[in-house]
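First up is the structure itself, then whatever we jot down about it.
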Amino acid sequence: MSTKAAGPAPEVSALDLAALLCSRVCHDVISPVGAVVNGVEVLEDKDAADMREVALDLIAKSARQASARLQFTRLAFGAAGSVGARLDLGDAEQVVRGMIEDERTRVDWQLPRELLPKNRVKLLLNLVLLATTTIPRGGAIVVNPVGAGDAMGFRLVSTGVSARIPQGIEALIGGATPEGGLDAHVVQPYYAGMLARECAMAVGFVQDGDTVTLTAA
């Protein structure tokens, strides 16, 4: 992914940013929703009666997955309350586990259960998404606090085979844009950078072998 040199964040209209984030949400949920539709079609096919149990299992699994992704994106990208609202880190943990944990990826959540300013929690959720991109083959993500209270920062340590810092991600967080412009594939790290600046926090990556540490403080 080719990006311009990091510098002052370019102007992105509110309409364009909203459209790109909507596209990102749709991308996250379209696959499980499509699987639900496929399962329903199998149930409606009288010639596929032997596939009924498989279809029901597919529908149940995909519906749970779609629900988990919507709950996560509602907090990570949505309004999630009024301006100045505070969000519960316990709720953040719940949506992270529903979205991220599976047979390949485990989350070790070490944050206390308390209320933090909305944008700080939204940043945390977006950092979790960034952490998953550092371990493309799965692994473990440990989420730790840096400091305490309203000034709390976060340290996410991702460990897995073939761990790496995705190319261009640091520039995107810094406010640079790809040569072809922002699209739904890169808007999430760009948005995470916007949240970090809003919270007056700096985001950094360090790699050591199969471990990548992502810090926002």
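For the sequence shown, our numbering assigns the number 130 to the initial residue and increments by one for each residue that follows.
Ideal Cβ positions, reconstructed from N, Cα and C, are used throughout, including at glycine.
Point to revise | Distance CB(Ile264)-CB(Gly227) smaller than 8 Å | key: Along the sequence shown, one-based indexing puts residue 264 at 135. Along the sequence shown, one-based indexing puts residue 227 at 98. The answer is no: Cβ separation not under 8 Å.
Exercise for review: May I ask you to verify whether the segment 314-321 touches the segment 147-155, counting CB pairs closer than 8 Å and requiring at least 3?
Suggested key: Flag = yes, the segment 314-321 and the segment 147-155 touch.
Point to revise | Under 8 Å between C-beta atoms of Gln239 and Val224 | key: Your numbering for residue 239 matches position 110 in the sequence shown. Your numbering for residue 224 matches position 95 in the sequence shown. Not closer than 8 Å, so no.
Exercise for review: In angstroms with no decimal places, state the Cα-to-Cα distance between Glu222 and Asp176.
Suggested key: The sequence position of residue 222 within the sequence shown is 93, counting from 1. The sequence position of residue 176 within the sequence shown is 47, counting from 1. The C-alpha of Glu222 lies about 44 Å from the C-alpha of Asp176.
Review point. Do Ala208 and Val165 come within 8 Å of each other at the CB atom, strictly closer than that value?
Key: To locate residue 165, count along the sequence shown from 1; it is residue 36. To locate residue 208, count along the sequence shown from 1; it is residue 79. Contact: no.
Check your understanding: DSSP puts Thr263 in a beta bridge; with which residues?
Key -> The residue you call residue 263 lines up with position 134 of the sequence shown. Answer is none; Thr263 lacks a bridge partner.
Review point. What number of angstroms, rounded off, separates the C-alpha of Asp179 from the C-alpha of Ala189?
Key: Stepping through the sequence shown from its first residue, residue 179 is reached at position 50. Stepping through the sequence shown from its first residue, residue 189 is reached at position 60. C-alpha separation (whole angstroms): 17 Å.
Exercise for review: Would you decide whether Gln194 is buried or exposed? Buried here means 16 or more other CB atoms lie within 10 Å of its CB.
Suggested key: Counted from its first residue, the sequence shown places residue 194 at position 65. Its Cβ being crowded by 16 or more others within 10 Å, Gln194 is buried.
Point to revise | Minimum C-alpha distance to Ala331 - residue among Gly297, Tyr320, Ile302, Asp339 | key: What you label residue 331 is simply residue 202 of the sequence shown in a count that begins at 1. For the residues Gly297, Tyr320, Ile302, Asp339, the minimum Cα distance to Ala331 belongs to Ile302.
Review point. Leaving out five residues before and five after Pro137 in sequence, what residues of the same chain have Cβ atoms less than 8 Å from its Cβ?
Key: Looking up residue 137 in the sequence shown gives position 8. Unreliable placement is indicated for Pro137, whose pLDDT of 45 sits below 50; the coordinate value is still reported in the next sentence. Correct list, in chain order: Gly304.
Practice item. Go through the segment 217-274 residue by residue and report every complete run of the beta strand (DSSP E) that reaches 3 residues or more, in order. Key: Within the segment 217-274, the runs of beta strand (DSSP E) at least 3 residues long that lie entirely inside it are, in chain order, 234-238, 244-246.
**Study point:** CA-to-CA distance, Val183 to Glu173, given in whole angstroms
**Key:** Position 44 of the sequence shown holds residue 173. Position 54 of the sequence shown holds residue 183. So the two alpha carbons sit approximately 13 Å from each other.
**Study point:** Rounded C-alpha distance that separates Thr234 from Ser291
**Key:** By 1-based counting over the sequence shown, the position of residue 234 is 105. By 1-based counting over the sequence shown, the position of residue 291 is 162. Those two C-alpha atoms are separated by around 14 Å.
Practice item. Compute the distance between the beta-carbons of Leu258 and Leu285, then report whether it is under 8 Å. Key: The count along the sequence shown starts at 1 and reaches residue 258 at position 129. The count along the sequence shown starts at 1 and reaches residue 285 at position 156. Between Leu258 and Leu285, the C-beta spacing is not below 8 Å.
Review point. By Cβ distance, which residues of its chain are closer than 7 Å to Glu243, with the 5 residues on each side in sequence left out?
Key: Locating residue 243 in the sequence shown gives position 114, counting from the first residue. Within the same chain, Glu243 has close Cβ partners Leu218.
**Study point:** For Ala325 and Ala345, believed in contact at Cβ under 8 Å, the rounded distance
**Key:** By 1-based counting over the sequence shown, the position of residue 345 is 216. By 1-based counting over the sequence shown, the position of residue 325 is 196. That pair is a contact at about 6 Å.
Review point. What residues are listed by DSSP as bridge partners for Gly284?
Key: Residue mapping note: residue 284 aligns to position 155 of the sequence shown, counting from 1. Note that residue 284 is Arg in the sequence shown here, rather than Gly. The partner list for Arg284 (beta bridge, DSSP) reads Asn273, Thr344.
Exercise for review: With DSSP as the reference, label Pro307 as helix, strand or coil.
Suggested key: Here the question's residue 307 lines up with position 178 in the sequence shown. When secondary structure is reduced to three states using DSSP, Pro307 falls in the strand class.
Exercise for review: Name the one or two DSSP bridge partners that Val335 has.
Suggested key: Against the sequence shown, residue 335 aligns to sequence position 206. Answer is Thr342, bridged to Val335.
Practice item. Tell me where the alpha helix (DSSP H) around Gly168 begins and ends. Key: Here residue 168 refers to the residue found at position 39 when the sequence shown is read from its first residue. Counted as a single uninterrupted DSSP element, the alpha helix (DSSP H) harbouring Gly168 occupies residues 143-173.
Practice item. Determine the closest residue to Arg198 out of Ala143, Cys328, Val158, with distance taken between C-alpha atoms. Key: The count along the sequence shown starts at 1 and reaches residue 198 at position 69. Comparing Cα-Cα distances from Arg198 to each of Ala143, Cys328, Val158, the minimum goes to Val158.
Check your understanding: Which of the three DSSP states, helix, strand or coil, is assigned to Arg215?
Key -> What you label residue 215 is simply residue 86 of the sequence shown in a count that begins at 1. In the structure shown, Arg215 falls within a strand segment according to DSSP collapsed to helix, strand and coil.
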